[in-house]
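Heads up: the structure comes next, in structure tokens.
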Amino acid sequence: MLPIQLFRQHKDLVLEGLKKKNFRDLDLVDKIIELDERRRHVQNENDTIAASVNAASKNIGQLMAKGDKEQAEQLKAEVAAHKEKAKELAQKLSELEAEQQDMIIRLPNLPHSSVPAGKTPEENEVVRIGGTTPNLDAQKLPHWELAAKYGLIDFELGNKLTGSGFPVYMGQGAKLQRALISYFLTYNIDAGYKEYYPPYMVNEASAYGTGQLPDKEGQMYHATADNFYLIPTAEVPVTNIYRDTIVTEAELPVKMTAYTPCFRREAGSYGKDVRGLNRLHQFDKVEIVQLAHPDRSYETLDSMVAHVEKLIQSLGLQYRILRLCGGDMSFTSALTYDFEVYGAAQERWLEVSSVSNFEMFQANRMKIRYKDSNGKTHLVHSLNGSSLALPRIMACLLENHQTPEGINIPEALGPYFGKDKIN
RNA sequence: GGAGAGAUGCUCGAGUGGUUGAAGAGGCACGCCUGGAAAGUGUGUAUACCUGUCAAAGGGUAUCCAGGGUUCGAAUCCCUGUCUCUCCGCCA
6 MLPIQLFRQH KDLVLEGLKK KNFRDLDLVD KIIELDERRR HVQNENDTIA ASVNAASKNI
66 GQLMAKGDKE QAEQLKAEVA AHKEKAKELA QKLSELEAEQ QDMIIRLPNL PHSSVPAGKT
126 PEENEVVRIG GTTPNLDAQK LPHWELAAKY GLIDFELGNK LTGSGFPVYM GQGAKLQRAL
186 ISYFLTYNID AGYKEYYPPY MVNEASAYGT GQLPDKEGQM YHATADNFYL IPTAEVPVTN
246 IYRDTIVTEA ELPVKMTAYT PCFRREAGSY GKDVRGLNRL HQFDKVEIVQ LAHPDRSYET
306 LDSMVAHVEK LIQSLGLQYR ILRLCGGDMS FTSALTYDFE VYGAAQERWL EVSSVSNFEM
366 FQANRMKIRY KDSNGKTHLV HSLNGSSLAL PRIMACLLEN HQTPEGINIP EALGPYFGKD
426 KIN
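Heads up: the first sequence at position 340 corresponds to 345 in the working numbering, and the numbers run straight through without jumps.
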């Protein structure tokens, strides 16, 4: 949610940003500004009348204490006349506040100046490509066949237990999963991130805080009996740890990491995109989240990109980094880098991480602030990224490191997996 | 799931209708004291919005879990919800 001050002070920037993000309903901006003026006017009236009622009440109290009943009764009658008007204004004010909130909440975050214009994923900018494509022979297999060949994952069994998109990992497949989680977490912790193990379900307030609600409830599984949502990413519970808190400037940046499974309904997707591990309803992910000083959040973003890049490199995978164009960015993001890894058998790029700076968009919703040396509070900037999403990493590890003798496990995973080959 | 108790500021904790945004204590910050420290001592220490201003100071409104209600006036009374604790039941 954009701060209202931004509309009042920099309307042009708001409009420019919204256009870049391909937001259509630009009239909303003027409506918000107009509504804001009305709201302030009404608040002024409301405050004035409330002040007079308060003063009169105080007077009545003093008169009562003195025993001057007559005077008190007279004042009461006077106040009663104001009361109706006061109630009306208070009602009006809360209506206007709600209306304003409803409008602002519909506006996406503004893109950073470096975000390329564009509407579709094709217009994303390739920042760089790293790693190398393995030389696989003609017998190369896609990961779902490798998974079957080595008994790593049973997709059919998942269908039986739950439904499609809920694979069962087993044997060395399960172990590889566990090894990846441990490796990623340790890697993050070594870089100064504090590990958290959060709930897998969140309440409405949390889902609202990171921007899943309203509007995107269709993407989450909803436990209606208790009104909880299964988390679509660890970002939700982890960022909300700091909801409604004020930290000192010295505490920034706050660096957090967590492993969680992620649950996504992915309604409407089907076909070859969802083959094997490419798209699941439940998958594992290790997430990194930072709360940064507004002046330094882009340095933070760069450092997170470098951090994720190094992690992918250590797995010996070919990857590319994209800077998303305005139209392909998420609602809440100001700048997003996507990491894609090349699946050498499928011959497709697969997204394995998305590193974003949300600037103050989430912080404003969640009221995450810091206090500067003058004692003034400001919103922090929030950032997050995957490091990393497991299924597609596993898919690419299987595909890219396959040999006739088995699947080579990258050296970095040795301490966690305990073997250098799946066979 | 059943019964009961409770939710106050950074923390503890007082407060059952009238200058209570909130006593007291602790913590923290700054000053004094000191050769330096401790002790002592003084001051300060919530958030949002409105107003004001180049900034600020200042003024106003709201907030004592949340949302409603009673009242001229609510932290204090009533209703609903949430959460916590204790006991019982169940249970990995």
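For glycine and all other residues, C-beta sits at the position ideal for the given N, C-alpha and C.
C-beta contact flag for residue i and residue j at 9 Å
i           : j           : result
residue 286 : residue 304 : no
residue 407 : residue 141 : yes
residue 157 : residue 178 : yes
residue 242 : residue 192 : no
residue 135 : residue 325 : yes
residue 194 : residue 262 : yes
residue 47  : residue 94  : yes
residue 320 : residue 344 : no
residue 114 : residue 338 : yes
residue 170 : residue 284 : yes
residue 54  : residue 90  : yes
residue 351 : residue 147 : yes
residue 221 : residue 363 : no
Residue i versus residue j: straight-line alpha-carbon distance, rounded
i           : j           : result
residue 67  : residue 372 : 40 Å
residue 117 : residue 342 : 12 Å
residue 81  : residue 206 : 52 Å
residue 18  : residue 425 : 54 Å
residue 317 : residue 129 : 20 Å
residue 88  : residue 59  : 11 Å
residue 367 : residue 211 : 11 Å
residue 436 : residue 394 : The question about residue 436 has no answer, for the chain in this structure spans 6 to 428.
residue 377 : residue 187 : 37 Å
residue 180 : residue 331 : 39 Å
residue 204 : residue 289 : 14 Å
residue 353 : residue 384 : 40 Å
residue 155 : residue 405 : 15 Å
residue 105 : residue 23  : 18 Å
residue 27  : residue 359 : 20 Å
residue 334 : residue 21  : 16 Å
residue 209 : residue 264 : 21 Å
residue 63  : residue 13  : 37 Å
residue 313 : residue 391 : 8 Å
residue 233 : residue 86  : 46 Å
residue 400 : residue 347 : 10 Å
residue 108 : residue 70  : 49 Å
residue 213 : residue 248 : 11 Å
residue 403 : residue 150 : 10 Å
residue 33  : residue 217 : 21 Å
residue 30  : residue 386 : 26 Å
residue 37  : residue 379 : 31 Å
Rounded Cβ spacing between residue i and residue j (contact assumed at less than 8 Å)
i           : j           : result
residue 83  : residue 61  : 7 Å
residue 110 : residue 8   : With a Cβ gap of about 12 Å, residue 110 and residue 8 do not count as contacting.
residue 25  : residue 120 : 7 Å
residue 369 : residue 294 : Not quite, the Cβ-Cβ distance comes to about 16 Å (not below 8 Å), so this is no contact.
residue 268 : residue 226 : 5 Å
residue 422 : residue 412 : So it is not a contact: roughly 11 Å between Cβ atoms.
residue 257 : residue 297 : 6 Å
residue 397 : residue 355 : 4 Å
residue 40  : residue 112 : So it is not a contact: roughly 13 Å between Cβ atoms.
residue 374 : residue 251 : 5 Å
Exposure label - residue i; buried when at least 16 CB within 10 Å
i           : result
residue 239 : buried
residue 419 : exposed
residue 166 : exposed
residue 361 : buried
residue 244 : buried
residue 340 : buried
residue 281 : buried
residue 349 : buried
residue 2   : In this structure the chain extends from 6 to 428, so residue 2 is not present and cannot be described.
residue 292 : buried
residue 365 : buried
residue 138 : exposed
residue 215 : buried
residue 382 : exposed
residue 144 : exposed
residue 75  : exposed
residue 223 : exposed
residue 409 : exposed
residue 306 : buried
residue 49  : exposed
residue 44  : buried
residue 103 : exposed
residue 51  : buried
Task: Sequence ranges, alpha helix (DSSP H) only - wholly within the segment 299–337, length at least 4 - done: 302–319
Task: Whole beta strand (DSSP E) elements within the segment 225–295, 3-residue minimum - done: 233–235, 250–253 and 259–268
Open item on the list: As an exercise, report each continuous beta strand (DSSP E) stretch of at least 3 residues that is fully enclosed by the segment 367–404, in chain order.
Closed with: 373–376, 382–384 and 386–394
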